[in-house]
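Taken in order, the sequence shown gives residues 2 to 307; the numbers are from the working numbering. Below is one structure; the comments refer to it alone.
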Amino acid sequence: MKVLVATDKPFAKVAVDGIRKEIEAAGYELISLEKYGEKAKLLDAVKDANAIIIRSDIIDAEVLEAAKELKIVVRAGAGVDNVDLAAATTHNVCVMNTPGQNSNAVAELVFGLMVMAVRNMYNGTSGTELKGKKLGIHAYGNVGRNVARVAKGFGMDIYAYDAFCPKEVIEKGGVKAVASVDELYSTCDVVSLHIPATAETKNSINYALVNKMPKGGLLVNTARKEVINEAELIKLMEERADLKYMTDIMPAANDEFAAKFVGRYFSTPKKMGAQTAEANINAGIAAAQQIVGFLKDGCEKFRVNK
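Have a look at this one:
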């Protein structure tokens, strides 16, 4: 069995060493394709691969068609919008992610962005504190729960909305569950986004919703670019000089945001939520372990396609 690690943005060496240890201990061969740049190189490398570990690399119908021996793709991370799930199912390929491995890293970045915002981008002027502020967590998954954990240390008043997470589960963690997304935004001074990009959520963070936030509202996005209705958010921020937007996913309209909202907007130059040594290692090794479990025992615990 051949396991391909195809990462245009490579894992750290210690992560690759950990992946190799897991794969070779199971009796499989590890092939590495790093910084490949051209899709043609990926298409060539997948021809005889039985399993693939990726990061943000695109696995589309063309790649799947080229990978005649492929049985499983594991995305080292939570989001799988870089994989064509329908095409994978058509080609009888199992797709998995590694939920939870990057969660603490993303949660810590959320608070880095929050502190930067409330301290006025460290421009030397007097800011505000997070203690006592109402924090709204939009989607209470692995990252959302880590955000709640950290928020307790800051002394924040924590609320959450998740259409798929029972109220009892949210409140068991000492977080107040709200009944609707509208209630979350109208209640909270700070909202942290953790929703996936789906047909229902794309462009859902819009003028009407964000306008419900109290004066001085702060929106933090470490989720997906596509969930933001950029044109409507720009319009709202033009009308409401009190709002701030911090994002780990650079908007298509980044130049316009940056020019118009100096001191109220910041985007990381590239997605950095999972960019820690610890998350890099955890996700890579988890991906290797899941491949071994699938190939040896048929374990599909983290399968995301049907």
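Cβ atoms here follow ideal geometry from the backbone N, Cα and C, with glycine treated the same way.
Please report the distance separating the alpha-carbon of residue i from that of residue j.
i: H92; j: R265; result: 46 Å
i: K134; j: I59; result: 39 Å
i: E227; j: A152; result: 26 Å
i: E66; j: D45; result: 11 Å
i: V191; j: D183; result: 14 Å
i: E23; j: I286; result: 7 Å
i: K272; j: T199; result: 19 Å
i: T90; j: K3; result: 20 Å
i: E109; j: M157; result: 15 Å
i: A161; j: L31; result: 42 Å
i: V96; j: V116; result: 37 Å
i: N121; j: F112; result: 14 Å
i: N103; j: R241; result: 34 Å
i: S314; j: Y246; result: Nothing in the structure corresponds to residue 314, since the chain is present only between 2 and 307.
i: S57; j: G299; result: 25 Å
i: A232; j: A224; result: 18 Å
i: V148; j: I138; result: 8 Å
i: E172; j: L136; result: 14 Å
Within the same chain, show all residues whose beta-carbon is closer than 6 Å to that of residue i, passing over the 5 residues directly before and after it, in chain order.
i: A288; result: I54, V75, A77, T99
i: D163; result: A140, Y141
i: M251; result: S268
i: V179; result: Y160, Y162, L185
i: N143; result: P100, G101, S104
i: A62; result: D85, A88
i: R150; result: none
i: G145; result: I138, H195
Please confirm whether residue i and residue j have their CB atoms less than 9 Å apart.
i: V211; j: L237; result: yes
i: N222; j: T248; result: yes
i: N306; j: L71; result: no
i: F12; j: I292; result: no
i: N230; j: N207; result: yes
i: L219; j: L194; result: no
i: A275; j: A284; result: yes
i: I235; j: K213; result: no
i: V119; j: T129; result: yes
Would residue i be called buried (16 or more neighbouring beta carbons within 10 Å of its own) or exposed?
i: A41; result: exposed
i: A16; result: buried
i: N105; result: buried
i: T188; result: buried
i: G19; result: buried
i: K297; result: exposed
i: V176; result: buried
i: G28; result: exposed
i: A253; result: exposed
i: N124; result: exposed
i: V107; result: buried
Under the three-state reduction of DSSP, which class applies to residue i: helix, strand or coil?
i: G308; result: Past the boundaries of the shown model lies residue 308; the chain is included only from 2 to 307, so the question cannot be answered.
i: S187; result: helix
i: R76; result: strand
i: G294; result: helix
i: Y29; result: coil
i: S104; result: helix
i: R304; result: strand
i: D158; result: strand
i: L131; result: coil
i: F12; result: coil
i: L71; result: coil
i: V4; result: strand
i: Y37; result: coil
i: A164; result: coil
i: G137; result: strand
For residue i, collect the residues of the same chain with a Cβ closer than 8 Å to its Cβ; drop the 5 residues on either side in sequence, then sort them by chain order.
i: K47; result: According to the sequence provided, residue 47 is Val. The question's Lys does not apply to it. For V47, where only same-chain residues beyond five positions count, the Cβ hits under 8 Å are L5, A7, I53, V64, A67, A68, L71.
i: R304; result: C95, V96, M97
Return the chain-ordered list of same chain residues with a C-beta closer than 7 Å to the C-beta of residue i, the five sequence neighbours on each side being excluded.
i: E25; result: L31
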